[in-house]
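Student: Reminder that position 7 of the sequence shown reads as 7 in the UniProt record's numbering, one-by-one numbering, no gaps. Ideal placement from N, C-alpha and C gives every residue a C-beta, glycine not left out. Keep in mind that this is a model prediction, so the values were computed, not measured.
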Amino acid sequence: MRAATELVDVVLVFGDCKIPCHRVVLAGTCGYFRKLFLADQVKENRASEIEMDEVSSDVAQTLVDYLYTGSVDITEQNVSALLDASNKLQLTSIKKDIGQFYIEQISSRNCISFLNLARRFGLKVLRKASQKFLIKHWKGLMVTDDIGHVQEVDLTALLKAMKDSHEDGFLLLQKWVRLGEGRDESFLDLVEHVTLSKCSKEFICNVVMGEELMNHPKGMKLIQKALQDLMLADQPPKPSSQPSHEAMMLADQSSCESLVVAGKSSTAWECSDQQTWKPIEWHAHKYTYYSGCSSPEGFIISGGHINHDIKPQCFSYVARAKQWRTLPDMDVPRYAHSSIYHKEKLYIVGGLISQHDDTDSVERLDTRSLEWQDLCALPHRVASPFIATVKDRLFVLGGVQKRCTSHCQDVFEYDDVGNAWKECSPMPEECRRGAAVEFDGFIFVVGGREKSCMRYCPRRDQWVFLQRTTFPHMFGPAMVWNDAIIVGGGEGTDAIEEYCPHTDTWSTLQLKMPNSGHLRLFSKMIS
1 MRAATELVDV
11 VLVFGDCKIP
21 CHRVVLAGTC
31 GYFRKLFLAD
41 QVKENRASEI
51 EMDEVSSDVA
61 QTLVDYLYTG
71 SVDITEQNVS
81 ALLDASNKLQ
91 LTSIKKDIGQ
101 FYIEQISSRN
111 CISFLNLARR
121 FGLKVLRKAS
131 QKFLIKHWKG
141 LMVTDDIGHV
151 QEVDLTALLK
161 AMKDSHEDGF
171 LLLQKWVRLG
181 EGRDESFLDL
191 VEHVTLSKCS
201 KEFICNVVMG
211 EELMNHPKGM
221 KLIQKALQDL
231 MLADQPPKPS
241 SQPSHEAMML
251 ADQSSCESLV
261 VAGKSSTAWE
271 CSDQQTWKPI
281 EWHAHKYTYY
291 SGCSSPEGFI
301 ISGGHINHDI
311 KPQCFSYVAR
321 AKQWRTLPDM
331 DVPRYAHSSI
341 YHKEKLYIVG
351 GLISQHDDTD
361 SVERLDTRSL
371 EWQDLCALPH
381 RVASPFIATV
391 KDRLFVLGGV
401 QKRCTSHCQD
411 VFEYDDVGNA
421 WKECSPMPEE
431 CRRGAAVEFD
441 GFIFVVGGRE
451 KSCMRYCPRR
461 DQWVFLQRTT
471 FPHMFGPAMV
481 WNDAIIVGGG
491 EGTDAIEEYC
501 PHTDTWSTLQ
511 LKMPNSGHLR
521 LFSKMIS
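1) From the DSSP output, in three-state form, read off H166 for me.
2) Express the C-alpha separation of I223 and M210 in angstroms, rounding to a whole number.
3) By a C-beta neighbour count over all protein chains shown, 10 Å radius and 16 as the cutoff for buried, is E497 buried or exposed?
4) Secondary structure at I94, three-state DSSP: helix, strand or coil?
5) Hey, quick one: how far does the beta strand (DSSP E) through Y317 stretch, first residue to last?
6) Since K345 sits in a beta bridge, which residues does DSSP pair it with?
7) Could you tell me whether the Cβ atoms of I443 and P458 are closer together than 9 Å?
8) For K35, which residues of its own chain have a beta-carbon under 6 Å away from its beta-carbon, when the five flanking residues on both sides are left out?
9) Buried or exposed, going by whether 16 or more other CB atoms sit within 10 Å of the CB of K95?
10) Measuring alpha carbon to alpha carbon, tell me which of C30, Q105, T144 ends up nearest T92.
11) Find the nearest neighbour of M52 within the set K18, E423, V150, judged by alpha-carbon distance.
12) Using only the alpha-carbon positions, how far apart do P279 and P514 sit?
13) Have a look at Q131 and Q355 and give me their C-alpha separation to the nearest angstrom.
14) Within 10 Å of its beta-carbon, does G182 have 16 or more other beta-carbons around it, so buried, or fewer, so exposed?
15) Which residue from Q174, L352, D374, M231 puts its Cα closest to that of L141?
16) One question on the structure: do V59 and A39 come within less than 9 Å of each other, judged by their Cβ atoms?
17) Name the residue from A157, I147, N206, M162 whose alpha carbon lies nearest to the alpha carbon of L179.
18) Taking only the alpha-carbon atoms, compute the straight-line gap between S406 and V400 and give it to the nearest angstrom.
19) Nearest CA to the CA of M330: which residue from A321, V349, K343?
20) Give the DSSP-derived three-state secondary structure of V177 in the structure shown.
21) Compare the C-beta of S48 against all C-beta atoms of chain C and say whether one is closer than 9 Å.
22) Measuring CB to CB, does V332 end up less than 9 Å from T359?
23) Give the secondary structure of C199 by DSSP, where H, G and I count as helix, E and B as strand, and everything else as coil.
24) Residues in the same chain with beta-carbon distance under 8 Å from H342, minus the five sequence neighbours each way, listed in chain order, please.
25) Within its chain, find whatever has a CB closer than 8 Å to the CB of L519; leave out the 5 residues flanking it on each side and keep chain order.
26) Assign E450 to one of two classes, buried (16 or more other C-beta atoms within 10 Å of its C-beta) or exposed (fewer than that).
27) Roughly how many angstroms lie between the CA atoms of R460 and S48, to the nearest whole one?
28) Going by other Cβ atoms of all chains shown within 10 Å of its Cβ, with 16 needed for buried, is F170 buried or exposed?
29) What is the DSSP secondary structure of M525, counted as helix, strand or coil?
30) Leaving out the 5 sequence neighbours to the left and right, which residues in its chain are closer than 6 Å to Y66 when beta-carbon positions are compared?
31) Which one or two residues does DSSP pair with T470 in a beta bridge?
32) Apply the 10 Å Cβ neighbour rule to E423 and answer buried if 16 or more other Cβ atoms are within range, or exposed otherwise.
33) Whether or not the stretch 464-472 and the stretch 493-509 are in contact is what I'm after, with contact meaning three or more pairs of Cβ atoms, one per stretch, closer than 8 Å; do they touch?
34) Would you tell me roughly how many angstroms separate the C-alpha atoms of Y347 and H337, rounded to the nearest one?
35) Please report how far the alpha carbon of R109 lies from the alpha carbon of E438, in whole angstroms.
36) For T195 and V13, I'd like the C-alpha separation in whole angstroms.
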């Protein structure tokens, strides 16, 4: 019928190539065309010809044949154009076939480029295969400059996998830093994945201590600890008593990464199998509109109110022990504020100090000394702002200005050295009751009434609009999980959506939130 142009009702135009088609076939086999034809506001919906500028004419006929037959012939000549086109047209089945096509060709020459390609287009199977090949054949990187093209997230995985080659891991990290601009600031975070105490004393003294980037308090601390561990290892072992049965049982217990959700009225749940939520015993205060954030031990809650009696209390939930620990009270009692844990510090930002007054107060708890410190006040008062850190840089975004009864779009960065706030480019739109997370050096603002998805680049101080969420997720928190961003629940929905930053696409998970109400925390923890 198509070859004979019978009953065709639309023509796809790929440059100089025109292909007559049937709308019902295109809509039934391709979500891109289905949305296009159903959207009344899109002018192509009424047009007899549709310009396909985003698809190369070289693969136009191949793609249309696939939509009619379900089969496609992938070759070295068309694979690149096919991947680009199938990504734009959201043809996931072709993308999977292309990923498998590339897997069969992985070699030392192309594994890094395939790995970056997989991340760009969301080819999970190809990404895992390329990572596995890279980890197995990393020695070849020592004699080439290909390591410079590895993304930071993949270098981290590689360093973790080099368990018996820590000296080579350090040398590889040095080379990676030298081969790219702006990587110096990542060095001290990445070197933590190299166990320096497994290196020789000669290597530490001659190579590690000779690295200029180690000349930093954090770097010197790592060197000192490594040398101390080596000294202890050289000493003869001391006789020790037989460990208790309880200690042996605890040592044998395997850790488990779980999802955790907390509601606004002192309720929390844990999910360790991605199927079932189980309640967490809540032994902390019974306040509402507290703030919750993840921590290495589990999570921390702070503040809140009961009948507008505002509280300063803070509690930490220790997941492994399933116990609550009391932390020192905040200096300023507050609720509807924001909090974040970063490098042994708990930051408390903004909030309400009465039913009618918000605050610009910012304070920080040192979780080692358990002492609070007042920081420079925000440029204006705000409640429920978003808060995120990017490589030791603290950002506060948006929020509600009580006196103005409006949601602001301001963005501020905290200068820890000068104890001051710097104004950054504002969010391009309001995001009421949404969430913010850091992913791969960017800040993503997602959800809210506007179903937002915006990305902020701190290095360029620029914002980009991305594909919006399917559900509003008002009061629905977000987190990073399995190399993706997930936002869950909120008022009116119990759905959990997953966002792939590499493909700018959203999908809905089978797992639902334990309820569809106002949530204060969505995180992961080791239990």
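Tutor: This is what the structure holds:
1) Of the three classes helix, strand and coil, the one that applies to H166 here is helix, per DSSP.
2) Here residue 210 is Gly; the residue named in the question, Met, does not match the sequence. Inter-residue distance for G210 and I223 is about 11 Å (C-alpha atoms, whole angstroms).
3) It is buried - the Cβ of E497 has at least 16 other Cβ atoms within 10 Å.
4) Of the three classes helix, strand and coil, the one that applies to I94 here is helix, per DSSP.
5) If you look at Y317, you'll find it in the beta strand (DSSP E) that goes 314-318.
6) Bridge partners of K345: H342, D366.
7) With a cutoff of 9 Å on beta-carbon distance, I443 and P458 are scored as near each other.
8) Hits under 6 Å: none found.
9) Result: buried.
10) In terms of Cα proximity to T92, the closest of C30, Q105, T144 is C30.
11) It is K18 whose Cα lies nearest to the Cα of M52.
12) Between P279 and P514, the alpha-carbon positions lie close to 9 Å from each other.
13) Those two C-alpha atoms are separated by around 53 Å.
14) Residue burial is scored here from C-beta neighbours: G182 has fewer than 16 other C-beta atoms within 10 angstroms and is therefore classed as exposed.
15) When each option's Cα is compared against that of L141, the closest is Q174.
16) Remark: C-beta atoms of V59 and A39 do not approach each other more closely than 9 Å.
17) When only C-alpha atoms are compared, the closest one is I147.
18) The alpha-carbon of S406 is positioned some 6 Å away from that of V400.
19) The shortest C-alpha separation from M330 is found at V349.
20) Reduced to three states, the DSSP call for V177 is helix.
21) This model lacks chain C altogether, as it is built from one protein chain only.
22) A contact, by the Cβ cut-off of 9 Å.
23) C199: coil per DSSP, three-state reduction.
24) In the same chain as H342, and ignoring 5 residues on each side of it, the C-beta atoms closer than 8 Å to its own belong to T389, D392, L394, in chain order.
25) The beta carbon of L519 sits closer than 8 Å to the beta carbons of V261, A262, G263, K264, F475, G476, P477, G488, G489, G490, M513 from its chain, once the five residues preceding and following it are set aside; these are given in chain order.
26) Buried, by the Cβ-count rule.
27) Cα to Cα, the separation comes out at about 42 Å.
28) Flag for F170 reads buried.
29) Shown here, M525 sits in a strand according to DSSP, grouped into three states.
30) Sequence-distant Cβ neighbours of Y66 in its own chain, meaning closer than 6 Å and more than five residues away, are V72.
31) In the DSSP secondary-structure assignment, T470 is not bridged to any residue.
32) It is exposed - the Cβ of E423 has fewer than 16 other Cβ atoms within 10 Å.
33) Touching, yes.
34) Going by the C-alpha atoms only, they are around 10 Å apart.
35) R109 and E438: Cα-Cα distance of roughly 32 Å.
36) Separation of T195 and V13 (C-alpha to C-alpha, rounded to the nearest whole angstrom) is 58 Å.
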